[in-house]
Each structure stands twice: as structure tokens, then as C-alpha cells.
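Asks: Protein chains in written order, with the numbering used here: chain Y, 1 to 122; chain S, 1 to 114.
Virtual Cβ for every residue (Gly too), placed ideally from N, Cα, C.
Take this structure first; my questions come after.
Printed below as a string of C-alpha cells:
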């Protein structure tokens with residue numbers, strides 16, 4: 001079955017960087033995209049960006065421009081999120097999800113990874 | 001950005017009764033070239049990842065029970081659970097994928113058993 005498995009929880013100090021991985025299985029990785037969404041404690045979902053696993057094209061939410069890099073490694077069907085200059089308010093559960101393309105647009109997110117808790121604290 | 005507003009914030013419904021959750025977008029998510037509404041609904045249970053329930057505003061995702069249905073068009077949408085089951089306790093979110101520059105979610109509606 002289609003599955004996304006994310007890397008384990010991380011604890012980082014302010015100013016540090018974090019890398020979260022998302023390994024896909026059960027489908028042809030390069031025919032879909034991967035989106036990243038985060039949920040801070042007690043908050044709703046915040047879309048961060050997407051990456052095409054076909055050609056590596058990316059689109060980042062303006063809020064994360066300059067701090068966020070999304071990449072994929074097609075040989076291992078793995079997507080990566082790199083977030084730099086971490087702040088305490090980056091503490092959140094980070095999710096990856098598969099996204100399909102309909103025409104020129106990425107559409108709904110299905111399935112989601114199990115989530116990775118990133119805690120930023122001094 | 002397209003702002004998604006759900007109502008109510010929380011809802012308590014008796015087992016077997018109907019549950020209705022509303023979602024309003026700040027601008028239309030109906031794409032005129034294909035007459036499709038770019039709206040999805042997700043179910044989020046504690047300790048689990050979100051699960052896709054509905055896409056194109058009214059199409060059920062794979063394996064989703066038929067007691068879940070979506071309706072609406074343009075800016076006003078509804079998720080209906082026709083007969084509430086205990087396993088439906090969750091937080092429900094609507095999400096627009098019309099704006100490719102910024103996907104946005106509603107704030108969530110917490111559904112509980114009365």
C-alpha cells in the first residue's frame with residue numbers, strides 16, 4: 001500500500017538547522033509531488049511548500065522563503081525538508097504528504113506521513 | 001491568501017445522528033474552466049496523520065465510508081456525516097487547493113459524542 005514514513009523526532013537549539021526525511025513506498029515516486037505541512041501545538045495546519053518528484057521544481061510559502069529547502073532523492077524515493085535558522089516558534093509536528101497533479105495544479109494530499117516532532121529550545 | 005473559515009469550532013452529536021460542518025472560503029474556489037471546486041476535507045484523529053475524506057468538494061476518497069458526504073460550490077461548503085459512529089470522533093479540516101501559491105486550511109472543527 002502507499003505509505004510515507006518520516007524520520008524521528010528532533011530537538012534543536014535556536015539558530016540551528018533541521019533535516020526531516022520522508023520515505024515513500026507503494027507507488028512510482030517520480031509521478032507525484034510531495035508537500036510539507038506543519039502543525040504547531042494547539043494550532044491548525046500551515047502549508048510550507050511542495051516539490052515535484054518528477055523534475056525537482058519547488059514552490060515555497062512566502063513565510064519560509066530563504067529558510068526552507070525541499071529536495072528529493074529518486075533513487076531511494078525519499079523527500080527531504082531542510083529548515084534553517086530555527087526559532088522556538090518553529091516547534092511543531094512536521095508532515096509530508098503525497099500530492100498528485102491535475103493539469104497544471106497540485107491538488108489534494110493523500111496519504112500523509114506519520115509526522116515528525118521538531119522541538120526548538122535553548 | 002484565501003482564508004478558510006469553518007463553523008462551528010466544536011460540535012457534539014449523539015451516536016447515529018447527523019453531523020454537519022460548514023466551511024466558507026474568502027473567495028471562490030470554483031475553477032471555471034473545468035467547473036470543479038478545489039476543496040478537500042480531512043479527518044484528523046489524535047496520534048494519527050490526517051486522512052483524506054473528500055476531494056473536488058464532493059468525491060469520497062478511497063475507502064471512505066458512504067456516511068461521509070461533501071457538498072457546496074463556490075465559497076460555501078458542507079461536510080455531512082449521516083449517522084455518527086464512535087470512530088468518527090476527530091477534528092475535521094477543510095482545505096483549498098485553488099491557490100497554487102498558498103494552500104490554506106480551515107481552523108478545524110472538533111467533533112465529539114454527546
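Identify each residue in the region 81 to 112 of chain Y for which the Cβ-Cβ distance to at least one residue of chain S is less than 9 Å, and report them in chain order.
Replies: 95, 97, 99, 102, 103, 104, 105, 106, 107, 108, 109, 110, 111, 112
Asks: Taking DSSP's pairing of strands, which residues face residue 118/Y in a bridge?
Replies: Bridge pairing for residue 118/Y: 10/Y, 92/Y [DSSP].
Asks: Got a sec, what are the start and stop residues for the beta strand (DSSP E) residue 51/S sits in?
Replies: 51 to 55
Asks: Could you check where the beta strand (DSSP E) with residue 19/Y kicks off and where it finishes?
Replies: 18 to 25
Asks: What residues of chain S sit near residue 47/Y, judged by a beta carbon separation below 9 Å?
Replies: 95, 102, 103, 104, 105
Asks: Going by the beta-carbon positions, is the gap between residue 73/S and residue 90/S smaller than 8 Å?
Replies: no
Asks: Could you check whether the region 70 to 87 of chain S touches the region 63 to 79 of chain Y, counting it as contact only if at least three pairs of C-beta atoms, one from each stretch, sit closer than 8 Å?
Replies: no
Asks: Cβ of residue 98/Y within 8 Å of Cβ of residue 111/Y?
Replies: yes
Asks: What residues in its chain sit with their C-beta under 6 Å from that of residue 110/S, if we drop five residues either side in the sequence?
Replies: 10, 91
Asks: Do we get a CB-CB distance below 8 Å when we pair residue 92/S with the residues of chain Y?
Replies: no
Asks: Using a Cβ-Cβ cutoff of less than 6 Å, which residues in the same chain neighbour residue 27/S once the five nearest sequence positions on both sides are dropped?
Replies: 2
Asks: Return the residue from the list 62/Y, 92/Y, 109/Y that minimises the CA-CA distance to residue 101/S.
Replies: 62/Y
Asks: Does the Cβ of residue 28/Y lie closer than 7 Å to at least one heavy atom of the ligand ADP?
Replies: Judged by which ligands are present, the structure shown has none, so any question about the ligand ADP falls away.
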